[in-house]
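> Pasting in a structure now, in structure tokens, and then I'll have a few things to ask.
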Amino acid sequence: MPDQRVIVVGAGVGGLAAALELAAQGQEVWVFDAADSPGGKLRQLRMGGALLDAGPTVFTMRWVFDELFARIGEVLDQHLTMRRIRTLARHAWGPDQRLDLFADIQASAEAIGDFAGAREAAGYRAFCARARQIYNTLEQPFLRGARPNPLSLSWRVGQRGLVGFTRISPFGSMWQALGKYFRDPRLHQLFGRYATYCGSSPFLSPATLMLVAHVEQEGVWLLDDGMHALAVTLEQLARQRGATFRYGAPVRNIITRGGRASGVELVNGEQFDAKAVIFNGDAAALASGLLGPGVAPAVRRHDPTQRTLSARTWHLVTRTQGFPLLRHNVFFSGDYGGEFAQLHQRSLPADPTVYVCAQDRGDGDDAPPRDMERLMILANAPATGDAGDMAPAELARHAAATQRRMATSGLRVQDDLDTAMHTGPQDFGRMFPATGGALYGPASHGWMASFRRPGARTRLAGLYLAGGSTHPGPGVPMAVLSGGHAVASVLQDISARHPARTV
């Protein structure tokens, strides 16, 4: 019956994971997405005959995907070919200032010792121990658990009150905490960058985000067919279990009846009834009324000034010289504090930190297999996509500064960025409504930020959330976990409304 289906709005990775699990549980699932292919931010671009990942580029927390596949009776390695990398990233500050980090802590400590001295190597080992402690404290009660509050989390971590809560370092800033481990400003800068993995500033984020370092040490993998292959695989497995997908089908309204979500209306006027709706877009779109006034009160509005970062990205198929690229490369700003001050003031930095993903390279110094290689170049930008277009002169200055930052370390890219395929905050804002181009939901600034993210359940019966703007946070594995939280909530509520009959 039509009103027995579960509808998922959005085929991002959180929605795909939810659709797959629900279909595997025997639920009738329909997925609607305005785009023409699955993935959401896990998207792909075509340039001539080349396909380039245009979203997340790092595959971590493999256990999340292994467990998801196991729950549906599958094995991850039978569907995706991947290899674990030894060198996590190459970092550069200028001529002859280069440092590789490794998945192996001892190898990284030795590299840091050669780069900055024995004291910094010892600080790194202590930093890793603290990152591991924070991660181990939070994995079960926070990442795997439903949305906690500070009190419930402090109980879940095994000690009562604030004593237990302080084990995760929520109160001091990440930047301040890093000063306990590193004196070398370059290392302070390098490890502060982990806050940007959540789209946040290391100067405003809690030290809790040091756990990202442990996540990388637990393993980073390269997918042979690119990150977009993960989205394609999830969709294919969901289809095999009976899920229906409609692309090019933007949803205009989430329909409410009798005080609960009861279906969706597409922009073309089609309506579909449902017993539950999972929204896999940014929660701000609901609160802003973009999915209809009936669901706007379902989640709390968040302050647009507290958005995460956006980005400017350039995709090229080109030749490079002068710097031995790995898959992941970071060229650090000469003024990190100034960079984030300008971002906080909603301006493009004069000296940006630049990330380069060389998609035809691995974790060694071997040349790419082809003369022309695929690059994604990314620099942080403020989430001002709904504030009008930036001035062309400002965009041109920022692009030139991005190229200068790479050139400072010797990297020469044959083609100028003005010939590349460009995506900026305005573009991301159009693709992901109500975000202003913010790529990670609300920022992780201040100790309460993680507790302000909505959980799987909303204030409206029958309406659930999944995706990076919800608990447990941004990033591909986190979004998959959020999909699992949504599935658990949907099935629990369906069971409560329709208990099994006994004879």
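Quick note: to get the numbering used here, add 1 to the position in the sequence shown (first position is 1).
We treat Cβ as the ideally placed atom computed from N, Cα and C, and that holds for glycine.
What you are looking at is a predicted structure, and each value in this text was computed from that prediction instead of being measured.
Using the C-alpha atoms, what's the distance from D226 back to D361?
11 Å
> What does the alpha-carbon distance come out to for the pair V414 and N330?
Spanning the two alpha carbons is a distance of roughly 14 Å.
> Could you name each continuous alpha helix (DSSP H) segment of 4 residues or more that falls completely within the region 324-390, going from the start of the chain to the end?
337-345
> Specify, as a first and last residue, the run of the alpha helix (DSSP H) that G114 falls within.
106-117
> What's the gap between the Cα of G259 and the Cα of L461?
11 Å
> Taking its Cβ as the centre, do 16 or more other Cβ atoms sit within 10 Å of G395, making it buried, or is it exposed?
Residue 395 is actually Glu in this sequence, not Gly. Exposed, because fewer than 16 other Cβ atoms sit within 10 Å of the Cβ of E395.
> Rounding to the nearest angstrom, what Cα-Cα distance links A489 and D352 in this structure?
45 Å
> What's the call for P473, buried or exposed, on a 16-neighbour Cβ count within 10 Å?
buried
> Between T354 and N381, how many whole angstroms is the CB-CB distance? I'm expecting something under 8 Å.
7 Å
> Are the beta-carbon atoms belonging to G463 and D494 less than 9 Å from one another?
yes
> Based on Cα-Cα distance, which residue from A24, L89, T420, D37 lies nearest to G365?
L89
> Just to confirm my understanding: we take P478, look at its own chain, exclude 5 residues before and 5 after, and list those with CB closer than 6 Å. What are they?
M62, V65
> One question on the structure: do R308 and P443 come within less than 9 Å of each other, judged by their Cβ atoms?
yes
> Roughly how many whole angstroms lie between the Cα atoms of Q237 and L81?
About 12 Å.
> Considering only the alpha carbon of each residue, which of R44, G16, A51 lies closest to T319?
Among R44, G16, A51, the Cα nearest to that of T319 is on A51.
> Let me make sure I understand the geometry here. Which of R301, A402, M83 has the alpha-carbon closest to that of G220?
M83
> So, do the region 91-101 and the region 120-136 have three or more beta carbon pairs nearer to each other than 8 Å?
no
> Leaving out the 5 sequence neighbours to the left and right, which residues in its chain are closer than 8 Å to L297 when beta-carbon positions are compared?
In the sequence on display, residue 297 carries Ala and not Leu. Here the set comprises L287, A288, S289, G290.
> May I ask you to list the residues that DSSP assigns as paired with Y465?
The beta-bridge partner set that DSSP reports for Y465 consists of I279, R458.
> Return the CA-CA distance between T459 and L466, expressed in angstroms with no decimal places.
7 Å
> Taking M211 as part of the alpha helix (DSSP H), name the residues at either end of that continuous run.
Per DSSP, M211 belongs to no alpha helix (DSSP H) and is neither H nor E.
> Hey, out of A18, R47, S109, M422, whose CA is closest to T314's CA?
M422
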